[in-house]
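In the working numbering, the protein residues as written are 77 to 323. Structure, as structure tokens:
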């Protein structure tokens, strides 16, 4: 598995008495697009939050691009530099412009000069088709635009992988497409991605593998064709039935 970018081996996670992740084994290769789906509380968000140490694991191993994720700040910082994260909430600094929001981390973490950081920020704001909004403040933008700024901000660190935690679930329906289109563009450009999402059309279009989780476990993983048309597990079938009934 030379091309494995992210490896989770026998990962266990508890919250007090609650077993949040059970024996998670997952390997993500460079350039692979993975969609995680499953009912609420199944551990999907917890799983991706463990990859960049926003959550700590009880046991097992997580390795990102050759760096084993331990509690050492050095390991955590190394991994976070390589893994971009986009949340449901945009988490933009309201008192800074779109451009400044995107320049902050490269200057602080990668020690980029102001000119370098600005050039990178403008490049990625163009990439998410929002370059003309660079001098506005987050509150002046729609939710869909703010989420695209959040994606651009993560890309400004030039990460090797991007994690998306239900990036469209807080958006009004008419804004979902612009964010998914941005993510589809990234996928086509070869970005390694793990996306927690209920957008099954996106999963069909982009995913190399779809992983279904329930009760903290990976119940089923497959290519989209097999996953949607011939799911092997009763829980997967029930979940897909519910999702499709709502769409």
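Idealized CB from N, CA, C, for every residue including glycine. Computed from a predicted model, the values in this text were never measured in an experiment.
Evaluate residue 243 with the Cβ neighbour count: other Cβ atoms within 10 Å of its Cβ, from every protein chain shown; 16 or more gives buried, anything less gives exposed. So residue 243 ends up on the buried side.
Under the rule that 16 or more other beta-carbon atoms within 10 Å means buried, what is residue 187, buried or exposed? Exposed, by the Cβ-count rule.
Here's the rule I'm using: 16 or more other beta-carbon atoms within 10 Å means buried, otherwise exposed. How should residue 288 be labelled? Residue 288 is buried by the Cβ-count criterion.
C-beta atoms of residue 231 and residue 270 nearer than 7 Å: No, the pair does not count as a contact, with Cβ atoms beyond the cut-off.
Entirely within the segment 217 to 249 and at least 3 residues each: give me those beta strand (DSSP E) ranges in chain order. With a minimum length of 3 residues, the unbroken runs of beta strand (DSSP E) contained wholly in the segment 217 to 249 fall at 237 to 241.
Where does residue 194 fall in DSSP's three states? In this structure, residue 194 counts as helix in the three-state DSSP scheme.
Considering only C-alpha positions, which residue in the set 299, 254 and 159 is nearest to residue 140? Here the closest residue by C-alpha is 159.
Quick one: which unbroken beta strand (DSSP E) runs of 3-plus residues sit fully inside the segment 251 to 287? Chain order, please. Fully enclosed beta strand (DSSP E) runs of 3 or longer: 268 to 272.
Roughly how many angstroms separate the alpha carbons of residue 180 and residue 296, rounded to a whole number? Their Cα atoms are separated by approximately 39 Å.
If I'm right that residue 144 touches residue 292 with Cβ under 8 Å, what's the distance once you round it to whole angstroms? 22 Å between Cβ atoms; not a contact.
Leaving out the 5 sequence neighbours to the left and right, which residues in its chain are closer than 8 Å to residue 233 when beta-carbon positions are compared? If we look at residue 233 and ignore the five residues flanking it on each side, its Cβ neighbours are 157, 160, 181, 182, 185 and 186.
Can you tell me whether residue 325 is helix, strand or coil according to DSSP? For the chain, the structure presents residues 77 to 323; residue 325 sits outside this window and is missing.
Would you mind stating whether residue 120 and residue 130 have Cβ atoms separated by less than 7 Å? Result no, Cβ atoms of residue 120 and residue 130 do not sit closer than 7 Å.
Mind pulling the beta strand (DSSP E) runs of 3 or more residues that sit fully within the segment 106 to 184? You should have 109 to 113, 135 to 140 and 159 to 162.
Should residue 250 be labelled buried (16 or more other beta-carbon atoms within 10 Å of its own) or exposed? Looking at its Cβ environment, which holds fewer than 16 other Cβ atoms inside 10 Å, residue 250 is exposed.
Reduced DSSP secondary structure (H/G/I, E/B, other) of residue 212: Coil, per DSSP.
Taking the beta carbon of residue 92 as the centre, do at least 16 other beta carbons fall within 10 Å, making it buried, or is it exposed? By the 10 Å Cβ count, residue 92 comes out exposed.
How is residue 340 classed by DSSP in three states: helix, strand or coil? Lying before the first or after the last residue shown, residue 340 is absent from the chain, which here runs from 77 to 323.
Cα-Cα separation between residue 247 and residue 215, rounded to whole angstroms: Going from the Cα of residue 247 to the Cα of residue 215 covers about 14 Å.
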